[in-house]
Amino acid sequence: MPQPTVRPNIVVLLTELESTPRDDSWVLYRHNGTAFTDAEHDLIGTATPAEITAAKAQRRLQNDWARETHEAEKALVDLVTKYIDRLPEGSLCSNIYATMSDEDYAECDRLARIVAARHGTDYPAEDEDS
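Encoded structure:
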């Protein structure tokens, strides 16, 4: 049976590869700092140009995802902070969302759903009967 031109397991290994040089140049590391096993190292050495290209494309997608997630998180914090900053010094607000305009509340809800989904967190659904 012919081997596929792009092996997904090789692409995954290549996307995990840390590109920052280290003192031990003979060992390959992942982004999380763990070393690749000897078997993984050997597999990486067999990567084809097509697999390297696929891994680069995947890394670009991952970087875009991370950037977009960070932008959504920052926008959410900035939006909520805008209302917190309006509170008098030393006061507490039990429901900052009640002070928001309808437009800002809708935007806050939209951003919170995006951030929750991207972090794998359940977003609390409102009770439709209330």
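Taken in order, the sequence shown gives residues -8 to 121; the numbers are from the numbering used here.
Virtual Cβ for every residue (Gly too), placed ideally from N, Cα, C.
Just so you know, these numbers come straight off a predicted model, no measurement behind them.
Residues in the same chain with beta-carbon distance under 7 angstroms from residue i, minus the five sequence neighbours each way, listed in chain order, please.
{"i": "A103", "result": "L67, Y114"}
{"i": "L78", "result": "C84"}
Rounded to the nearest angstrom, what separates residue i and residue j at their Cα positions?
{"i": "D69", "j": "G111", "result": "22 angstroms"}
{"i": "I75", "j": "I87", "result": "7 angstroms"}
{"i": "I1", "j": "A41", "result": "11 angstroms"}
{"i": "D15", "j": "D29", "result": "14 angstroms"}
{"i": "Q49", "j": "R101", "result": "27 angstroms"}
{"i": "T(-4)", "j": "D55", "result": "26 angstroms"}
{"i": "K73", "j": "A107", "result": "21 angstroms"}
{"i": "E59", "j": "R109", "result": "10 angstroms"}
{"i": "A46", "j": "T37", "result": "14 angstroms"}
{"i": "Q53", "j": "M91", "result": "33 angstroms"}
{"i": "D95", "j": "G81", "result": "24 angstroms"}
DSSP has residue i in a bridge; who is on the other side?
{"i": "R21", "result": "L8"}
{"i": "A48", "result": "Paired residues: none, contrary to the question."}
{"i": "A26", "result": "Y20"}
Could you pull out every residue in the same chain whose Cβ sits closer than 8 angstroms to the Cβ of residue i, ignoring the five residues on either side in sequence?
{"i": "S121", "result": "Low confidence applies here, because S121 scores a pLDDT of 41, under 50, leaving its location unreliable; read the following figure in that light. Hits under 8 angstroms: none found."}
{"i": "V71", "result": "I87, C99"}
{"i": "R13", "result": "Y20"}
Grab me the residues of residue i's own chain with a C-beta within less than 6 angstroms of its C-beta, minus the 5 sequence neighbours each way, in chain order.
{"i": "V18", "result": "A26"}
When you compare the stretch 19 to 26 with the stretch 3 to 11, are there three or more beta-carbon pairs, one atom per stretch, that lie closer than 8 angstroms? yes
Ranges of the alpha helix (DSSP H) found wholly within the stretch 57 to 111, counting only runs of at least 4: You should have 93 to 109.
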